[in-house]
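**Q** Add 1365 to the 1-based position in the sequence shown for the working numbering, that's all there is to it.
Quick one: structure below, then a few questions.
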Amino acid sequence: MRNTLIKVDDIDESIEYIDTIHGDSKGWITKAEINKNKEFSQWHYLVGDLLKQDFDKENIYISMSTFYKPMRRIETIKEIGSLFIDLDTYNTKFTKTQILMNLEENYFNRSIPIPNLIIDSGRGLTLVWSIEKVPYKALSLWKAVQEYLYSQLKEFGADRKALDVTRILRVPGSINSKSGTRVTILEK
1366 MRNTLIKVDD IDESIEYIDT IHGDSKGWIT KAEINKNKEF SQWHYLVGDL
1416 LKQDFDKENI YISMSTFYKP MRRIETIKEI GSLFIDLDTY NTKFTKTQIL
1466 MNLEENYFNR SIPIPNLIID SGRGLTLVWS IEKVPYKALS LWKAVQEYLY
1516 SQLKEFGADR KALDVTRILR VPGSINSKSG TRVTILEK
């Protein structure tokens, strides 16, 4: 890959991820977990407290947006600070490596911008673009950009069900129990 992306090594990936997405966020961030009994739980933290949490567990997620109160609902959105696409690569004829090479050669800086983070989520990839934080009022524009990114990436397994502003995604450093692998930042 070209020097437009930097390999991530020897850092606490969960902190890197949270800092890239939420950095100076003022709102509540949702941390969620699906336990071994497949029970879903979620908690809400301000960024400083979230950074103190343990992410070295199975099936840990955080919200991509923040909320003005500890409730993960569209009507409580405070800040939108990223765009993201979840690629379910296991639903395609391509390997993760083939997809990454194709994106680098034919998409990045052409039809889509280079993502700030590329995550190996276990059975797929997540592309994350940091944006200047915008309020709920910008939701319609944000949705339009999400739809555009989806349209460009659907052949690579883009998940239409993972485009919503209240979305939670896997945290690097956690473990995907379906694949038995650690979620990792591939490039930033």
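Think of the CB as a built atom: it goes at the ideal place given N, C-alpha and C, for glycine as much as any other residue.
Which whole-angstrom value describes the C-beta separation of T1531 and S1428, a residue pair presumed to lie in contact below a C-beta threshold of 8 Å?
**A** 7 Å
**Q** Between the Cα of N1471 and the Cα atoms of I1445, L1411, P1500, L1518, which residue gives the shortest distance?
**A** L1518
**Q** Can you tell me which of S1476, S1486, L1411, E1398 puts its alpha carbon nearest to the alpha carbon of G1388?
**A** Considering only alpha carbons, the answer is L1411.
**Q** Using only the alpha-carbon positions, how far apart do E1520 and T1491 sit?
**A** Within the model, the alpha-carbon separation for E1520 versus T1491 is close to 14 Å.
**Q** Is N1400 near the ligand ZN, judged by its Cβ being under 7 Å from some heavy atom?
**A** You won't find the ligand ZN in this model; it holds no ligand whatsoever.
**Q** Going straight from the alpha carbon of T1460 to that of N1402, what length do you get?
**A** 31 Å
**Q** Below 6 Å CB to CB, which residues in the same chain sit around D1453 once its five sequence neighbours on both sides are set aside?
**A** G1489, G1522, D1524
**Q** When the Cα of T1385 is compared with those of H1409, S1430, E1423, which residue comes out closest?
**A** S1430
**Q** Is the beta carbon of L1504 sitting closer than 8 Å to the one on Y1515?
**A** no
**Q** Between which two residues does the alpha helix (DSSP H) harbouring S1516 extend?
**A** Here the alpha helix (DSSP H) through S1516 covers 1504 to 1518.
**Q** Nearest to T1549 by CA position, among V1493, I1484, K1543, L1506, is which residue?
**A** Of the candidates V1493, I1484, K1543, L1506, the residue whose Cα lies closest to the Cα of T1549 is I1484.
**Q** Please give the ranges of any beta strand (DSSP E) in the stretch 1522 to 1553, keeping only runs that are unbroken, at least 3 residues long and fully inside the region.
**A** 1533 to 1535, 1549 to 1552
**Q** State the DSSP-derived secondary structure class of N1368, mapped to helix, strand or coil.
**A** In this prediction, N1368 has a pLDDT of 37, which is less than 50 and means its spatial position is unreliable; nothing more can be read from the coordinates.
**Q** Classify S1476 as helix, strand or coil using the three-state DSSP reduction.
**A** The answer is coil: DSSP assigns S1476 none of H, G, I, E or B.
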